[in-house]
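Visitor: My structure is below; once you've seen it, I'll send some questions.
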Amino acid sequence: MILTKTESNSWVEASLNRIDINVGFARAVAENLVNGSLWIDRISAPRAMHALHPYGMSLVWGDALDEVIDPLASHLREGQYRIKDEWLQIDPRWYTLDWDSLLGAVPAESEPDSGRRCPVRFSRVNFGFDQVRFVALHGANVLPKEWNVRRATESDFDMAGSVVPKYFWRSAQQFLAHGGGWCIERDGTVGAIAFSSCRFDDELEIGIETLPIARRQGLGRMIATVMIKDIIDAGLTPVWSCRRENTASYELALKLGFYVKKMLPYYWLPSMR
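Going by the working numbering, the letters in the sequence shown line up with residues 12 to 284, in that order.
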């Protein structure tokens with residue numbers, strides 16, 4: 012596989028548009044909106060492509076993966092490029108290939124173990140959004156006592172957490188220009204944030220983080236509700252995806268009016284360094 016420049020071009024966008032799953036993060040890589048990596052099997056008319064987002068999510072896709080499956084699988088399995096753990100999604104058109112064997116993966120029994128070297132197969136959920144159900148569930152919000160809601164600002168870009176804006180955008184300015192987000196805070200301390208992790212066409216994918224000091228108070232659901240209302244008011248469609256084994260995110264999505272649209276294999280590939 013050949014490491015190539017990430018830049019907006021028509022053939023990459025056209026190829027991603029043929030995939031019937033959420034590929035926003037891959038578009039962000041391919042169109043150079045984030046500091047990701049893009050590999051192709053050949054310069055002219057690529058048959059296979061692999062996009063790796065800096066957060067660790069990746070996608071393999073193409074119109075003829077079967078024609079280059081051996082070098083592609085070797086590229087993924089050996090993972091010499093991998094400096095952190097990778098979460099791999101595969102073009103649904105090619106799930107008939109034996110990816111467990113190709114990657115040397117085993118079914119998930121627990122959370123990934125950083126000391127484990129064997130790839131593990133989990134499940135990735137792509138949700139659809141039912142606006143009527145969302146409105147019925149969240150006609151009015153009542154804030155928990157002493158907590159206040161505000162729009163995200165530049166200072167929230169570098170906030171602590173594992174799912175926060177700095178991992179999805181190059182700068183605070185870029186983050187705010189592509190959807191921004193909302194925070195819920197008390198005494199100047201942020202308890203939870205819901206934000207745009209990527210935005211394309213009329214869709215905006217939501218990232219959400221509840222800080223340890225504020226968990227088990229319903230703040231994640233509260234701030235996600237505010238964010239979704241803002242997305243709807245802007246004439247956009249909210250997007251949500253998560254690992255099925257991430258019970259908190261999965262159940263929150265259902266409470267927000269999302270429904271399971273597709274559930275597909277999702278491979279954890281451990282870092283090689």
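Every residue gets a Cβ at the ideal spot worked out from N, C-alpha and C, and that includes glycine.
(1) Give the secondary structure of S69 by DSSP, where H, G and I count as helix, E and B as strand, and everything else as coil.
(2) From what residue to what residue does the alpha helix (DSSP H) around W110 run?
(3) What residues are listed by DSSP as bridge partners for H189?
(4) In the DSSP assignment, what are the bridge partners of L14?
(5) Can the beta-carbon of A41 be found closer than 8 Å to that of A62?
(6) Go ahead and pull the three-state DSSP assignment for A205.
(7) Locate the alpha helix (DSSP H) running through Y261, then write down its first and last residues.
(8) Is V23 helix, strand or coil by DSSP?
(9) Out of D213, V201 and P118, which one is the CA nearest neighbour of I234?
(10) Tell me whether Q228 sits in a helix, a strand or coil according to DSSP, three-state version.
(11) Count the other CB atoms within 10 Å of the CB of P82; is the residue buried (16 or more) or exposed (fewer)?
(12) If you reduce the DSSP assignment to three classes, tell me which class K156 lands in.
(13) Reducing DSSP to helix, strand and coil, say where F168 ends up.
(14) Within its chain, find whatever has a CB closer than 7 Å to the CB of I94; leave out the 5 residues flanking it on each side and keep chain order.
(15) Give every residue of the same chain whose Cβ lies closer than 6 Å to the Cβ of N137, excluding the five residues on either side of it in the sequence, and list them in chain order.
(16) Would you kindly work out how many angstroms separate the C-alpha atoms of N159 and A245, rounded to a whole number?
(17) Do we get a CB-CB distance below 8 Å when we pair I54 with the residues of chain B?
(18) What residue range is occupied by the uninterrupted alpha helix (DSSP H) comprising R38?
(19) Hey, out of M170, R254 and E78, whose CA is closest to A119's CA?
(20) Could you check where the alpha helix (DSSP H) with R88 kicks off and where it finishes?
(21) Are D77 and L114 closer than 8 Å when you measure CB to CB?
(22) Measuring only the C-alpha atoms, how far is V143 from V237?
(23) Mind the definition here: the segment 210 to 226 touches the segment 168 to 175 only if three or more C-beta pairs lie below 8 Å; say whether that holds.
(24) In angstroms, rounded to a whole number, what distance separates the CA positions of S182 and A84?
(25) May I have the straight-line CA-CA distance separating Y92 from I51, to the nearest angstrom?
(26) Leaving out five residues before and five after Y66 in sequence, what residues of the same chain have Cβ atoms less than 7 Å from its Cβ?
Guide: Reading from the atomic positions:
(1) When secondary structure is reduced to three states using DSSP, S69 falls in the strand class.
(2) Its alpha helix (DSSP H) spans residues W110 to L114.
(3) Note: H189 sits in no beta bridge, so no partner.
(4) In the DSSP output, where bridge partners are listed per residue, L14 has W50.
(5) Yes. Within cutoff.
(6) In the three-state DSSP reduction, A205 falls in the strand class (E or B).
(7) According to the DSSP assignment, Y261 belongs to the alpha helix (DSSP H) that extends over T258 to K266.
(8) In this structure, V23 counts as helix in the three-state DSSP scheme.
(9) It is V201 whose Cα lies nearest to the Cα of I234.
(10) Three-state result, Q228: coil.
(11) By the neighbour-count rule (16 or more Cβ atoms within 10 Å), P82 is not buried but exposed.
(12) Taken through DSSP and simplified to helix, strand or coil, K156 comes out as coil.
(13) Three-state DSSP puts F168 in coil, outside helix and strand.
(14) Same-chain partners within the cutoff: S282 and R284.
(15) So the qualifying residues of the chain are I32, N33, S252, K272 and K273.
(16) Separation of N159 and A245 (C-alpha to C-alpha, rounded to the nearest whole angstrom) is 22 Å.
(17) Of the protein chains in this structure there is only one, and it is not chain B.
(18) Note, R38: alpha helix (DSSP H), G35 to A41.
(19) Checked all of M170, R254 and E78; the closest Cα to A119 is R254.
(20) In this chain, the alpha helix (DSSP H) harbouring R88 covers I80 to E89.
(21) Not closer than 8 Å, so no.
(22) V143 and V237 have their C-alpha atoms spaced approximately 16 Å apart.
(23) Taking 8 Å as the limit for Cβ pairs, the verdict is that the segment 168 to 175 does touch the segment 210 to 226.
(24) Using only the alpha carbons, I get a separation of about 34 Å.
(25) Distance between the alpha carbons of Y92 and I51 is about 14 Å.
(26) Same-chain partners within the cutoff: Y178 and F179.
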